[in-house]
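Residue numbers (my numbering): 46 to 218.
Each residue gets a CB set at the ideal place from its N, CA and C atoms; glycine is no exception.
Here the structure is a predicted model, which is why all the values come from computation and not from measurement.
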Amino acid sequence: MRADARRNRELIVTTALDLFTESGAGVSMEEIARAAGLGVGTLYRHFPDRQALLEAIALDALGRLQTFTRAAVAEDTPRWQVLRRIVEQCVELPLALIKTLLAATPANPELREMEHDVNARLEHLLGQAQQEGTLRPDIPPREIVELLNVAVCRPGARVDDHLTTVILDGLKR
């Protein structure tokens with residue numbers, strides 16, 4: 046892909062994410078093109094429909110989370126600290142938006158694979174934290190991942206909001 050085409054694609058994804066976050070899922074493709082300073086034809090050359098754009102946004106965000114999680118889990122740091130950093134990273138990503146926008150349609154296999162990879166790494170990390178003694182041992186790691194998803198995959202999620210704080214405090218040993 047040419048450098049200018051790659052920049053346009055990245056600009057479209059970033060602009061769309063900003064608009065969806067700011068105004069909700071009803072933003073039109075025309076509004077996205079206008080806000081990006083591009084023609085509608087340019088947008089549609091990169092993304093033939095709304096679903097393709099949503100998948101690109103989701104792939105970008107989950108790819109960043111996957112990369113961050115891989116690196117964080119590999120660190121020689123207390124597991125609870127690693128978990129906190131992953132939660133902090135999650136609330137910085139548009140996970141609630143992605144979950145909402147893609148809920149109505151089947152996600153592409155690459156998204157499911159990325160989600161599975163992140164969740165598997167989290168489960169492994171949680172098992173290590175339980176062995177380390179910093180995480181409650183009485184809840185299976187898979188269920189803890191589900192709890193964490195409730196905390197971070199919702200609009201307005203923050204690492205210091207009430208729900209996230211209560212969940213993390215309840216898990217810490």
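Quick one, which of the options has its alpha-carbon nearest residue i's?
i, options, result
"Q173", "T209, V127, G215", "V127"
"A61", "D49, A50, G82, R47", "G82"
"A70", "C198, E191, D214, K144", "K144"
"D183", "V85, G215, T59", "G215"
"A148", "H161, I189, E100", "E100"
"I212", "I189, P200, R130", "I189"
"E67", "G201, R130, D205, T179", "G201"
DSSP three-state label for residue i, please.
i, result
"L88", "helix"
"L216", "helix"
"L138", "coil"
"L180", "strand"
"V197", "helix"
"N153", "coil"
"V72", "coil"
"P185", "coil"
"D63", "helix"
"L167", "helix"
"M46", "coil"
Return yes when the Cβ of residue j is within less than 9 Å of the Cβ of residue i, no when it is not.
i, j, result
"T209", "R218", "no"
"N153", "H91", "no"
"L156", "L110", "no"
"R181", "E168", "no"
"A48", "V132", "no"
"L170", "R124", "yes"
"D105", "V58", "yes"
"D63", "A50", "no"
Compute the beta-carbon to beta-carbon distance between residue i and residue j, rounded to the nearest angstrom, for a pair I have assumed lies under 8 Å.
i, j, result
"L88", "I77", "6 Å"
"R166", "V118", "5 Å"
"Q134", "F113", "5 Å"
"L138", "F65", "Wrong, their Cβ atoms sit about 13 Å apart, outside the cutoff."
Taking CB distances under 9 Å as the criterion, tell me whether residue i reaches chain B.
i, result
"V58", "Among the chains of the structure shown, chain B does not appear; only one protein chain is present."
State yes or no: is the C-beta of residue i nearer than 8 Å to some heavy atom of the ligand NAP?
i, result
"A97", "No copy of the ligand NAP occurs in the structure displayed, which carries no ligand at all."
Practice task
Return the chain-ordered ranges of every alpha helix (DSSP H) run that is complete within the segment 85-124 and spans a minimum of 4 residues.
Solution key: 85-91, 95-119
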